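Going by the UniProt record's numbering, the sequence shown opens with residue 1, and the numbers climb by one from there. Built from N, CA and C at the ideal position, the CB exists for glycine as well. Keep in mind that this is a model prediction, so the values were computed, not measured.
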Amino acid sequence: MRKLFLRFYLTVVICFLASALLIGAVYKQMLERINRQYLNDVFQSTIIIVENELGALPQSLWHDEIARLRNKLPVPVNIEEVEAYKLNPSLLQGMMNGETLYLPRRNIYIHRIPDTQLVIELGPVAYLSRLDSVSWPDAIGLLLMCAALGVPTWLWLRPFWRDLLTLIRQSRKLGTGDFGARTKLEESSPLEPLSGTINRMAQDIEELSASRQAMIDSISHDVRTPLARLRYRLEAVKAGAPVESFIGGAERDLEQMDQLVEEWLTLRTLERPEMKPEPQPFEALPWLTRQLDELAVNAAAVAFVNATGEAEPWLWADRYYLGRALGNLVNNARRYGGGQVRVTFSWHDGVASLEVEDDGPGIPEDARERLLKPFERLEGSRNRSTGGHGLGLAITDMIMKGHGGELRIGDSELGGARMTLSWPSTLTAEA
């Protein structure tokens, strides 16, 4: 607090002094110009009066007359010889020509009496002298004003420092692994936006940590199970069991682990900014037909409905990633449904949609958002026992976000779940 106060206070004081000096310099310059113009007029009149008074007297009485006038005039007046002043040639010539000169170092005005080597001297003028100096009362007043600036500085910095300490304590908790630490500052606090940012960061870290732990737990389970089966089969073969009876199961275990690794790599790839989907135009119906035919190999056919109203619609999408997303949804519908799967292609107001519906038990509304996170599964029929690793919907959701769209989960007219892929697209080859 002390360092922060001193730095801020010194900054305020320096700015104040700089402003005061600048304003004072400008004010002094303006005041000098105005007052000198006024004094020039006054002194010119005074010189004329003195000359008139002296002109009526012999030169031998001038000093006595000056002594008498000195008590009547508002400024000191004297008579000096021209040689008493060390002037450069130009000033000397001006004075000899009848000009009135101002000598700033002595704060005096001088004027030569015509046809003589004598000079009328007016001054020094105390007021002009004070313009070039700072009095002790002024200096003390300035110091008191600088000291007084410390009070509002401290009053402003105190709540600022208090809120800053709160954020420091929260940051230390986050550094020790307490990702649930949150702060709540007053809305009037200048650090409230920073507090909100740190809270959001803490929430993101907490969610990331939970996701990482869920990933570790899920991968550990999904890898441990097939590895345990492989180890059992290997021990059985070593004990003399026929190898042929275990080959099929071993291949399924390897395929399960390979699928997990592939899905995990796909998820990590989609998280990299340079690996986003690259939409291109293509004919929708031929592509959808090929995709559904490939998905129907060794499985029941999928019902397809073209609800666009167009005979030859086009799509703008990344064919590889869109095919991957559609495949994930169709496979999920088969895995968790009762056997009936329907895909509907529609378009409305510049948004293309692919709906995948099944006749299974559906997905509870309170679990739909959670299922879009990696390694999340439902209890009941949609769980680990039915296959899958909990990555399919997370991958699909990321693919759609890469297209500028979304994955929505709803209820199907068939009685099960309806998964909808939607993204901006035209129905023509032109964007």
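Alpha-carbon to alpha-carbon, residue 87 and residue 53: 27 angstroms
Separation of residue 323 from residue 358, as counted between CA atoms: 18 angstroms
With residue 292 and residue 343 assumed to form a contact (beta carbons below 8 angstroms), what rounded beta-carbon distance in angstroms separates them? 7 angstroms
Inter-stretch contact at 8 angstroms, needing at least 3 Cβ pairs: the region 191-206 / the region 159-178: yes
Opening and closing residue of the beta strand (DSSP E) in which residue 63 lies: No beta strand (DSSP E) contains residue 63, which is instead part of the alpha helix (DSSP H) from 62-70.
Backbone CA spacing between residue 349 and residue 404 [nearest angstrom]: 15 angstroms
Boundaries of the beta strand (DSSP E) in which residue 244 is found, first to last residue: Premise fails: residue 244 lies in the alpha helix (DSSP H), 244-270, not in any beta strand (DSSP E).
When you compare only the Cα positions, how much space is there between residue 426 and residue 338? 34 angstroms
For residue 354, is the classification buried or exposed, using 16 other Cβ atoms within 10 angstroms of its Cβ as the cut-off for buried? buried
Less than 6 angstroms between C-beta atoms, sequence neighbours within five positions excluded: which residues of the same chain meet that for residue 102? 109
Contacts around residue 18, its chain only, beta-carbon distance under 8 angstroms, and the 5 residues preceding and following it disregarded: none
Could you tell me if residue 311 is buried or exposed, where buried requires 16 or more neighbouring beta carbons within 10 angstroms of its beta carbon? exposed
Using only the alpha-carbon positions, how far apart do residue 284 and residue 294 sit? 16 angstroms
Pairs of beta-carbons, one from the region 62-81 and one from the region 106-123, closer than 8 angstroms: are there three or more? yes
Enclosing alpha helix (DSSP H) for residue 286 [first to last residue]: 284-295
Determine, using beta-carbon pairs with one atom in the region 329-337 and one in the region 409-426, whether at least three such pairs fall under 8 angstroms. yes
Which of helix, strand or coil DSSP assigns to residue 192: helix
First and last residue of the beta strand (DSSP E) that includes residue 354? 351-358
Given residue 372, which residues of its chain have a CB within under 7 angstroms of its CB, disregarding the five upstream and five downstream residues? 393, 394, 397, 407
Taking only the alpha-carbon atoms, compute the straight-line gap between residue 259 and residue 364 and give it to the nearest angstrom. 27 angstroms
To the nearest angstrom, report how far apart residue 270 and residue 161 are at their CA atoms. 43 angstroms
Quick one: is residue 419 buried, meaning 16 or more other Cβ sit within 10 Å of its Cβ, or exposed? buried
Between residue 370 and residue 279, what straight-line distance do the alpha-carbon atoms span, to the nearest angstrom? 28 angstroms
Is residue 231 helix, strand or coil when you go by DSSP? helix
In the DSSP assignment, the beta strand (DSSP E) including residue 102 goes from what residue to what residue? 101-103
For residue 188 and residue 286, I'd like the C-alpha separation in whole angstroms. 60 angstroms
How long is the line joining the alpha carbons of residue 263 and residue 332, rounded to whole angstroms? 14 angstroms
State the CB to CB distance for the pair residue 250 and residue 233, rounded to an integer number of angstroms; the pair is presumed to be in contact (CB under 8 angstroms). 6 angstroms
Consult DSSP for residue 383 and reduce its assignment to one of helix, strand or coil. Because the pLDDT of residue 383 is 47, which lies under 50, any placement of that residue in the model is unreliable, and the question is left without a value.
Chain B within 7 angstroms of residue 405, Cβ atoms only: No chain B appears in this structure, which consists of one protein chain only.
Using the beta-carbon count (16 or more within 10 Å), is residue 302 buried or exposed? buried
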